[in-house]
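Enquirer: Provided herewith is a single structure, encoded as structure tokens, for subsequent inquiry.
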Amino acid sequence: MGISTVTAARILRGQTQGATGEETVLEFEKFPDIGLSKTYSNDRQTTDSAATATAMMCGQKTNYHLVGLSDQARAQDCSSEHGNDIPCTFDWFHSDGRSVGVVTTARITHATPACAYAKSASRNWEGDSDMVGVTGGCKDIAYQLINNNSYAKVLLGGGRQFFLSMNDSDPELNHTNSDKQRLDGVDLTQVWKDDKEKNNLSAKYVWNKSQFDAIDPRDTDYILGLFEAGHMQYELDRDNGTNGEPSLAEMTQKAIRVLQKDENGFFLLVEGARIDHAHHDNNAKRSLYEVLAMEDAVKMATKLTDERDTLIIVTADHSHVFNIAGYPERGNDIFGVVSNVGDAIAEDGIPFTTLLYGNGASYDWGNRTNVSAIDTTHKDYLQVAAAPRESETHGGEDVSIYARGPMSHLIHGVHEQHYIAHVITYAACVGENSQRCENQPDTNLNAANSNSLNYLNVICVMICILRLYHVHL
Ligand SMILES: [Zn+2]
Numbered sequence: 000m001g002i003s004t005v006t007a008a009r010i011l012r013g014q015t016q017g018a019t020g021e022e023t024v025l026e027f028e029k030f031p032d033i034g035l036s037k038t039y040s041n042d043r044q045t046t047d048s049a050a051t052a053t054a055m056m057c058g059q060k061t062n063y064h065l066v067g068l069s070d071q072a073r074a075q076d077c078s079s080e081h082g083n084d085i086p087c088t089f090d091w092f093h094s095d096g097r098s099v100g101v102v103t104t105a106r107i108t109h110a111t112p113a114c115a116y117a118k119s120a121s122r123n124w125e126g127d128s129d130m131v132g133v134t135g136g137c138k139d140i141a142y143q144l145i146n147n148n149s150y151a152k153v154l155l156g157g158g159r160q161f162f163l164s165m166n167d168s169d170p171e172l173n174h175t176n177s178d179k180q181r182l183d184g185v186d187l188t189q190v191w192k193d194d195k196e197k198n199n200l201s202a203k204y205v206w207n208k209s210q211f212d213a214i215d216p217r218d219t220d221y222i223l224g225l226f227e228a229g230h231m232q233y234e235l236d237r238d239n240g241t242n243g244e245p246s247l248a249e250m251t252q253k254a255i256r257v258l259q260k261d262e263n264g265f266f267l268l269v270e271g272a273r274i275d276h277a278h279h280d281n282n283a284k285r286s287l288y289e290v291l292a293m294e295d296a297v298k299m300a301t302k303l304t305d306e307r308d309t310l311i312i313v314t315a316d317h318s319h320v321f322n323i324a325g326y327p328e329r330g331n332d333i334f335g336v337v338s339n340v341g342d343a344i345a346e347d348g349i350p351f352t353t354l355l356y357g358n359g360a361s362y363d364w365g366n367r368t369n370v371s372a373i374d375t376t377h378k379d380y381l382q383v384a385a386a387p388r389e390s391e392t393h394g395g396e397d398v399s400i401y402a403r404g405p406m407s408h409l410i411h412g413v414h415e416q417h418y419i420a421h422v423i424t425y426a427a428c429v430g431e432n433s434q435r436c437e438n439q440p441d442t443n444l445n446a447a448n449s450n451s452l453n454y455l456n457v458i459c460v461m462i463c464i465l466r467l468y469h470v471h472l
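In case it helps, numbering that gives the first Met the number 0 puts the sequence shown at residues 0 to 472.
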């Protein structure tokens with residue numbers, strides 16, 4: 000979610016409320032502190048979400064496609080995982096006795112959430128069906144989530160296919176997703192349930208909205224929700240019915256209510272993942288409505304938490320080649336066509352839309368379509384791209400960071416992306432800064448009371464994202 004995406008979403012939010020739009024202020028734009036994040040990785044000027052999320056979740060820049068590994072590891076090389084895994088947010092917070100959770104609209108094994116809890120030489124090793132031919136004993140990301148992170152209290156997203164045995168029918172599809180379900184024949188959802196039962200923990204595994212709605216966070220301490228075989232639905236297409244899916248805000252609400260019961264504090268990663276996916280398809284309308292869904296989640300988080308003890312950081316892992324172009328008049332439909340008059344006119348006399356992409360599948364191969372003759376506001380309309388590519392790419396410019404709560408003032412300038420992880424550890428007194436609160440009580444913390452110094456919550460809301468299917472970019 001680059002700055003152009005935030006600007007366009009802001010205009011959209013206003014226009015959905017009957018205003019001209021440009022003057023609208025999104026919920027996270029009200030946060031008191033803001034900075035910029037330099038998103039390049041160790042080996043790429045413009046990079047992918049595994050490298051960028053590793054920077055934010057683990058505090059180090061690394062290489063393209065690596066999950067939770069240092070830059071000494073090599074992509075796709077299982078042997079290079081050994082000795083190069085690095086501690087990340089789940090490790091830090093769990094070691095300090097705090098609760099952790101992750102909420103995403105992508106497959107929960109996708110690159111960004113994976114960087115919070117897994118170590119993998121390939122972001123594409125989401126299930127063992129993705130690792131045929133890989134030698135060296137490396138474990139897939141779904142396996143790691145269930146077996147190495149049993150302490151995680153909230154796990155909500157899509158990607159059920161990587162957790163079910165190839166021999167079992169998917170409960171929603173009523174057949175197997177044979178290409179993707181587990182070759183080892185293990186039902187990881189059952190492994191998760193057995194572990195909780197064995198330890199007498201209050202736990203619920205759910206896969207649709209009615210089951211999710213029935214969970215009372217007051218008497219449930221662990222939730223595993225896998226609402227789609229693959230990614231969850233776009234907000235514009237989401238089935239809100241009994242067999243449908245919860246919204247990002249609804250998942251965030253339940254996650255916070257469960258995690259808030261831990262008096263020691265918590266870490267929650269919320270990812271509005273599909274902003275990125277729709278951008279990769281040159282589909283601006285679905286992407287921008289995903290931003291609005293993410294704004295609703297931020298609104299929910301601010302409502303349920305106290306800024307005296309909860310740091311909320313809203314940022315993105317990277318930008319996209321997405322532009323707001325021309326000289327449209329104030330209040331022009333954000334999905335509309337730039338008025339084809341005066342200095343706004345194109346050299347060939349054919350109008351263009353306000354929103355355009357630098358590359359992608361909707362390249363017009365030299366035959367510019369007269370967009371004034373078609374409905375560019377339809378959710379399936381794909382904005383034109385300047386260069387042909389199967390999938391639109393990420394952008395390399397900085398993205399913004401918005402922060403509210405204790406130590407939010409540390410977000411204040413142009414920062415390296417991995418600095419965000421160090422702000423989290425410093426604010427929460429975990430990881431490398433686990434001794435800080437004992438040794439140097441900080442009077443600037445503005446906590447509700449002195450005890451809060453040790454019980455800080457962190458909610459990191461990210462807007463990022465990836466390619467549909469595992470061929471990412
Ligand atoms: Zn992407």
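Where a beta carbon is used, it is the ideal one built from N, C-alpha and C, also for glycine.
Where L310 and D342 are concerned, what is the direct C-alpha to C-alpha distance, given to the nearest angstrom?
Expert: Near 46 Å, if we compare the C-alpha coordinates of D342 and L310.
Enquirer: V131: buried (16+ other C-beta within 10 angstroms of its C-beta) or exposed?
Expert: Label assigned to V131: exposed.
Enquirer: Quick check on T88 - is its C-beta less than 8 Å from some C-beta in chain B?
Expert: No chain B appears in the structure shown, which is made up of a single protein chain.
Enquirer: Does ligand 1 have a heavy atom nearer than 7 Å to the CB of S48?
Expert: Because some heavy atom of ligand 1 lies under 7 Å away, the Cβ of S48 counts as near it: yes.
Enquirer: Output the residue ranges of the alpha helix (DSSP H) runs that lie fully inside the segment 10-73 and measure 4 residues or longer, sorted by chain position.
Expert: Whole alpha helix (DSSP H) segments, 4+ residues: 48-57.
Enquirer: Check K179 in the structure and name its three-state DSSP category.
Expert: Residue state, collapsed to three classes: coil.
Enquirer: Taking the CB atoms as reference points, tell me whether Y142 and D129 lie closer together than 8 Å.
Expert: It is not a contact, given that the beta carbons lie outside the stated cut-off.
Enquirer: Can you give the Cα-Cα distance for H109 and I333, rounded to whole angstroms?
Expert: Their backbone Cα atoms lie some 30 Å apart in a straight line.
Enquirer: Taking its Cβ as the centre, do 16 or more other Cβ atoms sit within 10 Å of Q382, making it buried, or is it exposed?
Expert: By the neighbour-count rule (16 or more Cβ atoms within 10 Å), Q382 is buried.
Enquirer: Determine the DSSP secondary structure at V257, reduced to helix, strand or coil.
Expert: Helix.
Enquirer: Would A7 pass as a contact of L235 if the rule is Cβ separation under 8 Å?
Expert: No, these two residues do not count as a Cβ contact at 8 Å.
Enquirer: Once DSSP output is grouped into helix, strand and coil, what is the label at R403?
Expert: Strand, per DSSP.
Enquirer: Decide yes or no for the touch test of the segment 312-326 against the segment 377-394: beta carbon pairs closer than 8 Å, at least 3 of them.
Expert: Enough Cβ pairs lie closer than 8 Å, so yes.
Enquirer: Please list, in chain order, all residues of the same chain as D261 whose beta carbon is under 6 Å from its beta carbon, the five residues on each side excluded.
Expert: Hits under 6 Å: S98.
Enquirer: Only counting the same chain, and skipping five residues up and downstream in sequence, which positions put a Cβ closer than 8 Å to that of N445?
Expert: The predicted position of N445 is uncertain, since its pLDDT is 41 and thus under 50; no value can be drawn from it.
Enquirer: Within the present structure, is the beta-carbon of D275 separated from the nearest heavy atom of ligand 1 by less than 7 Å?
Expert: Because some heavy atom of ligand 1 lies under 7 Å away, the Cβ of D275 counts as near it: yes.
Enquirer: What are the complete beta strand (DSSP E) segments, minimum 3 residues, inside the segment 113-161?
Expert: Segments of the beta strand (DSSP E) lying fully in the segment 113-161: 153-157.
Enquirer: My understanding is that F27 touches E294, with C-beta atoms under 8 Å, so please give their C-beta distance in whole angstroms.
Expert: Their Cβ separation, rounded to whole angstroms, is 7 Å, which keeps F27 and E294 in contact under 8 Å.
Enquirer: Quick check: I312 and I419, are their CB atoms within less than 8 Å of each other?
Expert: Closer than 8 Å, so yes.
Enquirer: Please tell me whether, using a cut-off of 7 Å, the distance from the CB of H230 to the nearest non-hydrogen atom of ligand 1 is below it.
Expert: Every heavy atom of ligand 1 is 7 Å or more from the Cβ of H230, so no.
Enquirer: CA-CA distance, T251 and Q259?
Expert: Going from the Cα of T251 to the Cα of Q259 covers about 12 Å.
Enquirer: CA-CA distance, Y63 and K37?
Expert: If I take the Cα positions, the gap works out to 15 Å.
Enquirer: S338 lies in the beta strand (DSSP E); which residues open and close that run?
Expert: From DSSP, S338 is part of no beta strand (DSSP E); its letter is neither H nor E.
Enquirer: Less than 8 Å between C-beta atoms, sequence neighbours within five positions excluded: which residues of the same chain meet that for D76?
Expert: The answer, listed in chain order, is A120.
Enquirer: Report yes if the C-beta of H279 is less than 7 Å from at least one heavy atom of ligand 1; otherwise report no.
Expert: Within the cutoff, so yes.
Enquirer: Do T134 and I272 come within 8 Å of each other at the CB atom, strictly closer than that value?
Expert: Correcting the residue type first, residue 272 is Ala in the shown sequence and not Ile. For A272 and T134, no; Cβs fall outside 8 Å.
Enquirer: Counting C-beta neighbours from all protein chains within 10 Å, is the total for P327 16 or more, i.e. buried, or is it exposed?
Expert: Its Cβ being crowded by 16 or more others within 10 Å, P327 is buried.
Enquirer: Taking just the CA atoms, how far does V337 sit from H469?
Expert: Confidence at H469 is low in this model, with a pLDDT of 24, below 50, so its placement is unreliable and no value can be given for it.
Enquirer: Since R9 contacts V66 with CB under 8 Å, what's their CB separation in whole angstroms?
Expert: Going by Cβ atoms, the distance from R9 to V66 rounds to 32 Å, so no, they are not a contact pair.
Enquirer: Can you tell me where the beta strand (DSSP E) holding K203 begins and where it ends?
Expert: Counting along the chain, the beta strand (DSSP E) containing K203 begins and ends at 202-205.
Enquirer: Shortest alpha-carbon distance to L267 belongs to which of A248, S40, V457, P86?
Expert: Of the listed residues, the one whose Cα sits closest to L267 is V457.
Enquirer: Taking 7 Å as the line, does the beta carbon of H393 fall inside it for any heavy atom of ligand 1?
Expert: Within the cutoff, so yes.
Enquirer: Applying the criterion that 16 or more other CB atoms from any shown protein chain within 10 Å of the CB defines a buried residue, is G264 buried or exposed?
Expert: So G264 ends up on the buried side.
Enquirer: Ignoring anything shorter than 4 residues, give me the alpha helix (DSSP H) runs that lie fully in the segment 226-299, in order along the chain.
Expert: Whole alpha helix (DSSP H) segments, 4+ residues: 247-258, 273-279.
Enquirer: Buried or exposed: where does H278 fall if 16 or more other Cβ atoms within 10 Å of its Cβ makes it buried?
Expert: Per the 10 Å Cβ criterion, buried.
Enquirer: Is the segment 368-385 touching the segment 409-417, taking contact as three or more C-beta pairs under 8 Å?
Expert: Result no; under three Cβ-Cβ pairs closer than 8 Å.
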